[in-house]
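Reviewing the structure listed below.
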Amino acid sequence: MINHSIHQITVTTPYAVGDVHMYVYKGESVSLIDAGVNTDEAWDQFVKGLKEINLQPSDIEQIILTHHHPDHIGLTGRFEHEPIVYGHRLVEPWLNQSDRFFEGYRDFFNDLYEKWDVPQRFRNIEKTIAVTKKFSSKSKLHHYLSEGDIIEGIPGMRVIETPGHAQSHLSFWDETNRQMIVGDVLLKHISSNPLLEPPENKGDARPKPLLEYRKSLAKLLEYDVEQFLPGHGNPFRGHKELIERRLERQAKRAENVLVYLKEKGPLTPYEICTWLFARQYESQFGLTMSETIGQLDYLESIGAVNNVESNGVSYYAPTMTHQK
């Protein structure tokens, strides 16, 4: 077996989260884990980073994606020789960028925002789609990865499904070196956002990303990891304490939402969002709305709130046992 070595290449992004990391594995194959954002600046930085480890873009044989967000798939379409691309099956429509897929995306959010009584000025779905396409790449997903798979060309690298931040999110566990590539599911310096997405099939129940995210964090507690290699920020250790703090903080935020609902409810998700993120919701509406509905999903899952509809609008209120 050929031993592999890992190299981190960092590129800038136009997003508030800042720089994003790409990881190059040199072993049986030259593999790239995640592919930055689709800008000329990021491509130039990537090429420069490869040169520093005596490689060039044509040496990349395969690309393995942690998830579908633009700052992680952006450069997949820039390679002239078309490396083999691996990822979760839910990455595929984001790479194919079919009109039908984005029509479904548009319909999903239009329906949700109507149900949640969101004002028209925040229904910027076309802008979201345009920005996503601008910083992503239109390319192919050649092979699906799922729980327990061993990544070809990287001996001992095992796939862990860690949805929540994205429904397509995967992490990669190198048990020999006790390292884990975690994309955006766990970052040291900031909490990850569990983001709203349409279901895989139109008409299916809406995914509940915060509940999935909590399960993914609990799953990571089972691993004896020496070092985490994230998509943003510095590598880190001590994940068990970090995860426990994140879970406690989220539960505390949900408790605050419940207290507010006892005082003011029933309220729509939009009304709760404007209170919970009074200073941020206008400039970061998609993120804050995802966070808000996540807290409501959590409260509903523990029997603390009910979701009722009136005249086509969704309202949340404390259950009888949680009204005091």
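Take the sequence shown: its position 156, counting from 1, is numbered 156 in full-length UniProt numbering, and each next residue is one higher. Each residue gets a CB set at the ideal place from its N, CA and C atoms; glycine is no exception. In this text the structure is predicted, and so the values were computed from the model without any measurement.
Practice problem: For residue 3, count neighbouring Cβ atoms within 10 angstroms of its own Cβ and tell me buried if that reaches 16, exposed if not. | Solution: Reliability fails at residue 3, whose pLDDT of 49 lies under 50, so the model's placement of it is uncertain and no value is given.
Practice problem: Excluding the 5 residues preceding and the 5 following residue 43 in the sequence, name in chain order all residues of the same chain whose CB lies nearer than 7 Å to its CB. | Solution: 75 and 78
Practice problem: Find out if the Cβ-Cβ distance for the pair residue 141, residue 182 is shorter than 7 Å. | Solution: no
Quiz item: residue 318: buried (16+ other C-beta within 10 angstroms of its C-beta) or exposed?
Solution: buried
Quiz item: In terms of residues, what are the limits of the beta strand (DSSP E) holding residue 295?
Solution: Where residue 295 is concerned, there is no enclosing beta strand (DSSP E), although the alpha helix (DSSP H) it sits in stretches over 285-301.
Exercise. Answer yes or no: do residue 167 and residue 138 have a C-beta to C-beta separation smaller than 7 Å?
Key: no
Quiz item: Residue range of the alpha helix (DSSP H) that residue 152 falls in?
Solution: It is not in any alpha helix (DSSP H) - residue 152 carries neither H nor E in the DSSP assignment.
Exercise. Could you tell me which residues DSSP pairs with residue 191 in its beta bridges?
Key: DSSP, once it has assigned bridges, lists no residue as partnering residue 191.
Quiz item: Roughly how many angstroms separate the alpha carbons of residue 234 and residue 69, rounded to a whole number?
Solution: Our two residues, residue 234 and residue 69, have alpha carbons roughly 20 Å apart in a direct line.
Self-check item: Contact check, residue 118 vs residue 270, beta carbons under 7 Å
Solution: yes
Exercise. For the region 271-279 and the region 227-241, state whether three or more C-beta atom pairs, one from each stretch, are separated by less than 8 Å.
Key: no
Quiz item: With respect to the alpha helix (DSSP H) encompassing residue 128, which residues constitute its N-terminal and C-terminal limits?
Solution: 125-135
Quiz item: Roughly how many whole angstroms lie between the Cα atoms of residue 115 and residue 309?
Solution: Distance from the CA atom of residue 115 to the CA atom of residue 309, rounded to whole angstroms, is 9 Å.
Self-check item: Bridge partner(s) assigned by DSSP for residue 172
Solution: 159 and 181
Quiz prompt | Contacting residues, own chain, Cβ-Cβ under 7 Å from residue 299 (five flanking each side not counted) | solution = Here residue 299 has 254, 257, 258 and 305 as same chain residues with Cβ atoms under 7 Å from its own Cβ, once five neighbours each way along the sequence are excluded.
Practice problem: Kindly indicate the opening and closing residues of the beta strand (DSSP E) around residue 32. | Solution: 30-33
Quiz item: Quick one: what does DSSP say residue 1 is sitting in, helix, strand or coil?
Solution: In this prediction, residue 1 scores a pLDDT of 36, lower than 50, which makes its location untrustworthy; the coordinate-derived value is nonetheless stated afterwards. Residue state, collapsed to three classes: coil.
Exercise. Return the first residue and the last residue of the beta strand (DSSP E) that residue 62 is part of.
Key: 62-64
Practice problem: Could you give the DSSP three-state label for residue 16: helix, strand or coil? | Solution: It is coil, neither helix nor strand.
Exercise. Take residue 246 and list the residues in its own chain whose beta-carbon comes closer than 7 Å to its own, dropping the five residues that flank it on each side.
Key: 191 and 217
Exercise. Quick one: which unbroken alpha helix (DSSP H) runs of 4-plus residues sit fully inside the region 254-279? Chain order, please.
Key: List check, alpha helix (DSSP H) in window: 269-276.
Quiz item: Between the C-alpha atoms of residue 226 and residue 178, what's the straight-line distance to the nearest angstrom?
Solution: 5 Å
Quiz item: What residues are listed by DSSP as bridge partners for residue 22?
Solution: 9
Quiz prompt | 7 Å Cβ cutoff met for residue 21 and residue 169 | solution = For residue 21 and residue 169, no; Cβs fall outside 7 Å.
Exercise. Identify whether residue 139 lies in helix, strand or coil by the three-state DSSP scheme.
Key: Note: residue 139 maps to coil in three-state DSSP.
Practice problem: Write down the C-beta distance between residue 164 and residue 197 rounded to the nearest angstrom, noting that I regard them as a contact closer than 8 Å. | Solution: Incorrect: roughly 11 Å between the Cβ atoms, too far for contact.
Quiz item: What is the DSSP secondary structure of residue 47, reduced to helix, strand or coil?
Solution: Of the three classes helix, strand and coil, the one that applies to residue 47 here is helix, per DSSP.
Exercise. Please work out which residues of its chain come closer than 7 Å, Cβ to Cβ, to residue 17, disregarding the five sequence neighbours upstream and downstream, and give them in chain order.
Key: Cβ neighbours of residue 17 beyond the five flanking positions: 232.
Quiz item: Is there at least one Cβ from chain B nearer than 7 Å to residue 273's Cβ?
Solution: This model lacks chain B altogether; it includes just one protein chain.
Quiz prompt | Inter-residue spacing [alpha-carbon to alpha-carbon] between residue 124 and residue 266 | solution = 26 Å
Quiz item: If you draw a straight line from the C-alpha of residue 276 to the C-alpha of residue 260, how long is it?
Solution: 9 Å
Practice problem: Excluding the 5 residues preceding and the 5 following residue 313 in the sequence, name in chain order all residues of the same chain whose CB lies nearer than 8 Å to its CB. | Solution: 115, 116, 117 and 268
Quiz item: Thinking C-beta only, is residue 33 closer than 7 Å to residue 64?
Solution: yes
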